[in-house]
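Have a look at the structure below before the remarks.
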Amino acid sequence: ILILVRKRDAFVPTLIRTLKSQTNIPVAGTDRLRLTDHIAVQDLIALGRVILLKEDDLSLSSVLKSPFFNVSEEQLFDLCAKRDKDTSVWQNLCHLALSDELWDKIKLKIEHLDALAQKLSVHDFYQHVLGPVGGRQIYLNRMGHEVSDVLDGFLDAALDHDMNALPGLQSFLAKLDQSKQEIKREQEQGVDAVRIMTVHASKGLEAPIVFLVDPGSSA
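Below, the structure is given as C-alpha cells:
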C-alpha cells in the first residue's frame with residue numbers, strides 16, 4: 001500500500017501515529033525525515049544535555065520518560081513535583097536513590113554514561129549508548145524497524161562532527177540545534193508495509209493499492 005501526500009507537513013506524522021495504533025498495520029514511515037524531528041533523536045539529544053548539565057530539569061525529565069529509562073508518569077510526577085523548590089530534579093533523584101532501588105539504578109546508569117562521555121568521542125559515546133547499553137534494541141522494540149534509519153543517520157551525523165567540527169558533546173548538540181539535515185529512507189518496491197511519501201518522490205514506484213491524500217489544504 002502506497003500513501004501519497006502533496007507535501008511533508010504535520011499531517012504525515014499524525015497519519016503514521018494513527019496507522020501504528022492499529023497493531024496489524026506495518027508502517028514503513030515517511031520517505032524523508034528531518035533528523036531532529038524524530039522522537040528517538042530528541043531523546044538522545046536530551047541525554048546529551050543531561051550529561052553536560054544534570055541540573056537541566058527539562059532534559060532530565062524528558063530522558064527519564066523516554067524508552068531508555070521508561071519511568072512512568074506517576075513516578076516522574078513524584079520525582080519532580082514532590083521536591084523542595086530549591087532542589088533540582090537530579091538532586092532529588094540522588095536523594096531518593098539512597099532508599100529506592102529504581103532511582104538508585106537510574107542514578108548509577110547516568111553516572112556510568114557520564115564517565116563514558118568524558119573519555120569517548122561523541123560518535124563512540126552514542127554508539128555505546130545504542131550498542132552495548134542496549135539503546136538501539138530498546139527503540140526497535142518500541143518503535144519498529146524503521147527507527148534504524150534514524151539512529152544510523154544520527155550516528156553518521158556524530159561521526160561527521162567528530163571528523164570535521166570542534167570536538168566535544170556540547171559542540172555537537174549546538175550544531176544539531178541549527179541543523180536541518182534530512183535522512184532519506186530507501187522505499188523498496190514490494191516492501192511488506194505501508195509506504196508514505198510525496199507524489200513527487202514516488203516517481204517510478206508502483207503498488208497494488210495507492211491512496212492520494214488531501215489533508216484539507218486550501219490550495
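Numbering (this note's numbering), first residue to last: 1 to 219.
Backbone N, C-alpha and C fix where the C-beta goes; we use that ideal spot for every residue, glycine too.
This one's a predicted model, so the numbers in the text were calculated from it and none came from an experiment.
Going by DSSP, name the residue or residues bridged to residue 2.
Numbered from its first residue, the sequence shown carries residue 2 at position 2. In DSSP, residue 2 forms a bridge with 195, 210.
Could you tell me whether the Cβ atoms of residue 87 and residue 179 are closer together than 9 Å?
What you label residue 87 is simply residue 87 of the sequence shown in a count that begins at 1. What you label residue 179 is simply residue 179 of the sequence shown in a count that begins at 1. No, they are not a contact pair.
Closest to residue 169 by C-alpha separation, out of 61, 116, 69, would be which residue?
On the sequence shown, residue 169 is found 169 positions in, with the first residue counted as 1. Taking only the C-alpha atoms, the option nearest residue 169 is 116.
Could you compute how far the alpha carbon of residue 133 sits from the alpha carbon of residue 214?
Working through the sequence shown from its first residue, we reach residue 133 at position 133. Working through the sequence shown from its first residue, we reach residue 214 at position 214. Going by the C-alpha atoms only, they are around 43 Å apart.
Which residues mark the beginning and the end of the alpha helix (DSSP H) in which residue 147 is found?
Counting from 1 along the sequence shown, the entry for residue 147 is found at position 147. Looking at the DSSP string, the run of the alpha helix (DSSP H) that includes residue 147 is 147-164.
CA-to-CA distance, residue 99 to residue 47, given in whole angstroms:
Here residue 47 refers to the residue found at position 47 when the sequence shown is read from its first residue. Here residue 99 refers to the residue found at position 99 when the sequence shown is read from its first residue. Their Cα atoms are separated by approximately 24 Å.
Go through the segment 30-84 residue by residue and report every complete run of the beta strand (DSSP E) that reaches 3 residues or more, in order.
32-34
Exposed or buried, which one is residue 210 when buried takes at least 16 other CB atoms within 10 Å?
For the purposes of this step, residue 210 is taken as the residue at position 210 of the sequence shown. With fewer than 16 other Cβ atoms within 10 Å, it is exposed.
Where the alpha helix (DSSP H) through residue 104 begins and ends
Sequence index remark: in the sequence shown, residue 104 carries index 104 (1-based). Start and end: 101-119.
Pull up the DSSP beta-bridge partners for residue 133, would you.
Residue mapping note: residue 133 aligns to position 133 of the sequence shown, counting from 1. Paired residue(s): none; residue 133 is not in a bridge.
Can you name, in chain order, every residue of its own chain whose Cβ lies under 6 Å from the Cβ of residue 6, other than the five neighbours on each side?
Taking the sequence shown and counting its residues from 1, one reaches residue 6 at position 6. Same-chain partners within the cutoff: there are none.
Give me the Cα-Cα distance between residue 73 and residue 201, rounded to the nearest whole angstrom.
Within the sequence shown, the letter at position 73 stands for residue 73. Within the sequence shown, the letter at position 201 stands for residue 201. Distance between the alpha carbons of residue 73 and residue 201: 40 Å.
Using beta-carbon positions only, say whether residue 194 and residue 27 come within less than 9 Å of one another.
Position 194 of the sequence shown, counted from the first residue, corresponds to residue 194. Position 27 of the sequence shown, counted from the first residue, corresponds to residue 27. A contact, by the Cβ cut-off of 9 Å.
Could you tell me if the beta carbon of residue 7 falls within a distance shorter than 8 Å of some heavy atom in the ligand SAM?
Judged by which ligands are present, the structure shown has none, so any question about the ligand SAM falls away.
Rounded C-alpha distance that separates residue 44 from residue 206
Counting from one through the sequence shown, the residue named residue 44 turns up at place 44. Counting from one through the sequence shown, the residue named residue 206 turns up at place 206. When rounded, the distance between both Cα atoms is 36 Å.
Rounded to whole angstroms, what is the Cα-Cα separation between residue 51 and residue 57?
By one-based count along the sequence shown, residue 51 stands at place 51. By one-based count along the sequence shown, residue 57 stands at place 57. For residue 51 and residue 57, the distance between alpha carbons rounds to 12 Å.
Minimum C-alpha distance to residue 150 - residue among 18, 59, 38, 1:
Counted from its first residue, the sequence shown places residue 150 at position 150. If we check each option's Cα against that of residue 150, 38 comes out closest.
Please report the distance separating the alpha-carbon of residue 129 from that of residue 101.
Against the sequence shown, residue 129 aligns to sequence position 129. Against the sequence shown, residue 101 aligns to sequence position 101. Between residue 129 and residue 101, the C-alpha separation is close to 22 Å.
With which residues is residue 27 paired in a DSSP beta bridge?
In the sequence shown, residue 27 corresponds to position 27, counting from 1. Residue 27 is bridged to 194.
I think residue 49 touches residue 173, with their Cβ atoms under 8 Å apart; what is that distance to the nearest whole Å?
The residue given as residue 49 occupies position 49 in the sequence shown. The residue given as residue 173 occupies position 173 in the sequence shown. Their Cβ separation, rounded to whole angstroms, is 6 Å, which keeps residue 49 and residue 173 in contact under 8 Å.
From residue 97 to residue 71, what does the alpha carbon distance come to, in whole angstroms?
The sequence position of residue 97 within the sequence shown is 97, counting from 1. The sequence position of residue 71 within the sequence shown is 71, counting from 1. Their Cα atoms are separated by approximately 14 Å.
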